[in-house]
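K.L.:
Questions regarding the structure given below will be posed in turn.
Protein chains: 2
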Amino acid sequence: MHPFEVLADPVRRRIVEVLASGERASGEVVAIVGPEFGISQPAVSRQLRVLRDGGFARVRVAGQRRIYRLDPEPLREVDAWLAHYRGFWERAMDDLAAEIERGDRERRRRG
Amino acid sequence: MHPFEVLADPVRRRIVEVLASGERASGEVVAIVGPEFGISQPAVSRQLRVLRDGGFARVRVAGQRRIYRLDPEPLREVDAWLAHYRGFWERAMDDLAAEIERGDRERRRRG
DNA sequence: GGCTTATATGAGCAGTCGGTTATGTATCGG
DNA sequence: CCGATACATAACCGACTGCTCATATAAGCC
Numbered sequence: 000m001h002p003f004e005v006l007a008d009p010v011r012r013r014i015v016e017v018l019a020s021g022e023r024a025s026g027e028v029v030a031i032v033g034p035e036f037g038i039s040q041p042a043v044s045r046q047l048r049v050l051r052d053g054g055f056a057r058v059r060v061a062g063q064r065r066i067y068r069l070d071p072e073p074l075r076e077v078d079a080w081l082a083h084y085r086g087f088w089e090r091a092m093d094d095l096a097a098e099i100e101r102g103d104r105e106r107r108r109r110g
Numbered sequence: 000m001h002p003f004e005v006l007a008d009p010v011r012r013r014i015v016e017v018l019a020s021g022e023r024a025s026g027e028v029v030a031i032v033g034p035e036f037g038i039s040q041p042a043v044s045r046q047l048r049v050l051r052d053g054g055f056a057r058v059r060v061a062g063q064r065r066i067y068r069l070d071p072e073p074l075r076e077v078d079a080w081l082a083h084y085r086g087f088w089e090r091a092m093d094d095l096a097a098e099i100e101r102g103d104r105e106r107r108r109r110g
């Protein structure tokens with residue numbers, strides 16, 4: 000699954016957010032995210048699986064707990080994809096700035 | 000539609016790519032993207048609509064043509080979201096570097 | 001005006017996604 | 001061992017996505 004596809008779901012984005020603050024057991028993620036979205040334990044568990052399969056999360060078994068930890072790799076991929084367009088939008092920003100500048104001059108000229 | 004949701008589709012990502020290289024008429028986008036994905040004109044047209052609705056593209060009417068131009072705003076949103084995690088993966092990179100460093104010392108020590 | 005070109009939209013349909021309930025599989029604790 | 005706990009998976013289902021073909025809309029050209 001493509002990273003963007005994984006991040007298309009709000010529950011998964013939220014889980015990424017949660018995991019970014021540190022490792023969490025599956026049950027902890029359920030306790031946080033479940034109520035927020037009004038979804039059940041299996042629903043969260045499946046989203047964790049998608050994150051795993053998508054490379055966003057690693058699991059470690061600790062007794063009866065599964066500890067999830069964020070893997071930054073796919074996020075870096077997204078960043079790399081985005082980097083292609085960074086030049087583009089900075090240029091657009093410059094154009095906008097130039098436009099505003101031009102408008103200011105215009106208004107000043109008119110008084 | 001959330002930017003990530005818009006970018007979840009490969010056809011739409013490709014169209015963003017195409018538009019990043021400059022304005023294109025709808026028909027030009029169809030001519031490029033259609034064959035690449037083996038999809039019809041209406042299919043491309045509908046993806047252009049999703050990009051429009053998602054704020055990724057602006058249209059200008061020129062006679063019977065519709066000229067599409069990329070709007071960087073949603074891309075910047077994605078970048079902003081990602082920025083929260085940039086620190087996280089840089090830290091992860093440092094950890095990895097430290098790990099490699101440690102491994103190197105280990106190997107050196109063992110000869 | 002009537003034909004052609006450019007593009008969008010409607011209707012219909014198969015496939016996928018994400019949810020639910022029910023159940024399976026380990027591990028912990030007495 | 002056995003019940004409780006933590007988590008994953010199975011089976012099912014409704015909603016949504018993205019495609020197709022057919023058609024609508026509007027401008028360009030003679």
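Line by line, the protein sequences give chains A and B.
For what it's worth, numbering that gives the first Met the number 0 labels the leading residue of the first sequence as 0, then goes sequentially.
For what it's worth, numbering that gives the first Met the number 0 labels the leading residue of the second sequence as 0, then goes sequentially.
Ideal Cβ placement from N, Cα and C applies to all residues, glycine included.
Bear in mind the structure is a predicted one, so any value in this text is a computation, not a measurement.
Give the DSSP-derived three-state secondary structure of Ile38(B) in the structure shown.
P.N.:
Your numbering for residue 38(B) matches position 39 in the second sequence. DSSP places Ile38(B) in coil when its eight states are reduced to three.
K.L.:
Nearest by alpha-carbon distance to Val17(A): which of Leu50(A), Tyr84(A), Met0(A) and Pro41(A) is it?
P.N.:
As a working note, residue 17(A) is residue 18 in the first sequence. Nearest option by C-alpha distance: Leu50(A).
K.L.:
Going by alpha carbons, who is nearest to Gly54(A) out of Ile38(A), Ala82(A), Val77(A) and Phe36(A)?
P.N.:
Your numbering for residue 54(A) matches position 55 in the first sequence. That would be Val77(A), whose Cα lies nearest to the Cα of Gly54(A).
K.L.:
Given that Val77(B) touches chain A, what residues does it touch there, using C-beta distances under 7 Å?
P.N.:
Sequence index remark: in the second sequence, residue 77(B) carries index 78 (1-based). Within chain A, the residues near Val77(B) are Leu81.
K.L.:
Name the chain B residues whose beta carbon is nearer than 8 Å to that of Phe3(A)?
P.N.:
By 1-based counting over the first sequence, the position of residue 3(A) is 4. Those are Phe3, Leu6, Ala7 and Arg12, listed as they occur along chain B.
K.L.:
Since Tyr67(A) sits in a beta bridge, which residues does DSSP pair it with?
P.N.:
The residue you call residue 67(A) lines up with position 68 of the first sequence. Arg23(A) and Val58(A).
K.L.:
Given Gly110(B), which residues of its chain have a CB within under 7 Å of its CB, disregarding the five upstream and five downstream residues?
P.N.:
If you number the second sequence from 1, residue 110(B) lands on position 111. The pLDDT assigned to Gly110(B) is 41, lower than 50, so where the model puts this residue is not dependable; a value taken from the coordinates is nonetheless given after this. Counting only Cβ-Cβ distances below 7 Å, and skipping sequence neighbours, we find nothing.
K.L.:
Compare the C-beta of Tyr67(A) against all C-beta atoms of chain B and say whether one is closer than 8 Å.
P.N.:
Along the first sequence, read from residue 1 onward, the residue named residue 67(A) stands at position 68. Output row for Tyr67(A): interface = no.
K.L.:
Taking 8 Å as the threshold (beta carbon to beta carbon), is Leu74(B) in contact with chain A?
P.N.:
Within the second sequence, residue 74(B) is the residue found at index 75, counting from 1. Output row for Leu74(B): interface = yes.
K.L.:
Going by DSSP in three states, His1(A) sits in which element: helix, strand or coil?
P.N.:
Numbered from its first residue, the first sequence carries residue 1(A) at position 2. DSSP places His1(A) in coil when its eight states are reduced to three.
K.L.:
Name, going along the chain, the residues of the region 36-50 of chain A whose beta-carbon falls closer than 8 Å to a beta-carbon of chain B.
P.N.:
none
K.L.:
Report yes or no: do three or more beta-carbon pairs, one from the region 60-67 of chain B and one from the region 20-40 of chain B, lie closer than 8 Å?
P.N.:
yes
K.L.:
Could you tell me the alpha carbon to alpha carbon distance between Pro73(A) and Pro2(A), rounded to whole angstroms?
P.N.:
Locating residue 73(A) in the first sequence gives position 74, where the first residue counts as 1. Locating residue 2(A) in the first sequence gives position 3, where the first residue counts as 1. Their backbone Cα atoms lie some 6 Å apart in a straight line.
K.L.:
Would you say Ala30(A) faces chain B, with C-beta separation under 8 Å as the test?
P.N.:
By one-based count along the first sequence, residue 30(A) stands at place 31. The beta-carbon of Ala30(A) is placed no less than 8 Å from the nearest beta-carbon of chain B.
K.L.:
Could you give the distance in angstroms between the alpha-carbon of Arg57(A) and the alpha-carbon of Glu22(A)?
P.N.:
On the first sequence, position 58 is the one that residue 57(A) refers to. On the first sequence, position 23 is the one that residue 22(A) refers to. Roughly 10 Å between the two C-alpha positions.
K.L.:
Grouping DSSP H, G and I as helix and E and B as strand, with all else coil, what is Ala7(B)?
P.N.:
Here residue 7(B) corresponds to residue number 8 of the second sequence, with the count starting at 1. DSSP places Ala7(B) in coil when its eight states are reduced to three.
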